[in-house]
Amino acid sequence: MKLLKKLIAVLALVPAVVLASETATLDQAPNRIHDLAALQNGAKIFVNYCLNCHSAAAMRYNRLRDIGLTEDQIKNNLLFATDKVGDLMKVAMQPKDAKVWFGAAPPDLSVIARAKASEAGSGPDWLYTYLRTFYKDDSRPTGWNNLVFPNVGMPHVLWELQGVRSAKFVEEKDPHDPGKMVHKFAGFEQVTPGKLSPIEYDNAVADLVGYLQWMAEPAQNTRKRLGVGVLLFLGLFLVLSWRLNASYWKDIK
1469 MKLLKKLIAV
1479 LALVPAVVLA
1489 SETATLDQAP
1499 NRIHDLAALQ
1509 NGAKIFVNYC
1519 LNCHSAAAMR
1529 YNRLRDIGLT
1539 EDQIKNNLLF
1549 ATDKVGDLMK
1559 VAMQPKDAKV
1569 WFGAAPPDLS
1579 VIARAKASEA
1589 GSGPDWLYTY
1599 LRTFYKDDSR
1609 PTGWNNLVFP
1619 NVGMPHVLWE
1629 LQGVRSAKFV
1639 EEKDPHDPGK
1649 MVHKFAGFEQ
1659 VTPGKLSPIE
1669 YDNAVADLVG
1679 YLQWMAEPAQ
1689 NTRKRLGVGV
1699 LLFLGLFLVL
1709 SWRLNASYWK
1719 DIK
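Under our numbering, read the sequence shown as residues 1469 to 1721, first letter to last.
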């Protein structure tokens, strides 16, 4: 029983440890879920930069028609040579090879926008902040580090768009332990410029995050519209039932 209690106590601390590792405050992601142009651009960025290592095995290419793309547009702009429109978004890289190269197999991104939700913020908020807080760190195997996910194994795949940045840290006394010094983030410094300006890069990341949010549930906009229709119908039915009940009982004392 003592061993079981200790195990339960350790497991209960796991979420707290995970949240504690996220040192950056999450920025609110722009809502692009209803913007078809943004979703199409996000899909393009996803295929060109993410789908080389990460799969989206619960998603088919032809589902992109829901965001306004035609089959010809999907074939000509988003498919690899051997893929078909009805195929799932999978990658050729084997998990065992990925584990050797990156230390762990890159996760499937089908529902990543939901999986990253926590008390610190929504899944899109986490992704939006994460993709904007990479910095150069030569001590890491990939040469990159991240404020939201310290010591991350993933390289900064969007570095050509954002450019290379270094992070500045200062030492301050730990407010919980005055005798201990801690590193506090003090800002980024642009080392080399990227293809996009900072504002353009943030917009591109917002489009990508919007697409990842949509991909986690492609039918969410339809679900919400149906939900509103159902609630309106129930409201109308409630009014009719109330008036019918009043008419039925009006002559009964």
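Idealized CB from N, CA, C, for every residue including glycine.
Here Tyr1603 is bridged, per DSSP, to Asn1613. According to the DSSP assignment, Ala1524 belongs to the beta strand (DSSP E) that extends over Ala1524 to Arg1528.
In this structure, His1522 places its C-beta atom within 7 Å of the C-beta atom of Pro1574. Restricting attention to Arg1500, Ala1506, Ala1560 and Phe1653, the CA atom closest to the CA of Ala1524 is found in Ala1560. Ile1513 is a Cβ neighbour of Leu1676, given a cutoff of 7 Å.
Burial is judged here by how many other beta carbons sit within 10 angstroms of a residue's own beta carbon; His1624 has at least 16 and is buried. With respect to the 7 Å criterion, Arg1633 and Tyr1603 are classified as neighbours on the basis of their beta carbons. For Arg1633, the three-state secondary structure derived from DSSP is strand.
In the three-state scheme derived from DSSP, where H, G and I count as helix and E and B as strand, Met1649 is classed as strand. Under the three-state reduction of DSSP, Gly1695 is assigned to helix. Ranked by Cα distance from Ala1687, the first of Leu1546, Gly1510, Ala1566 and Ile1535 is Ile1535.
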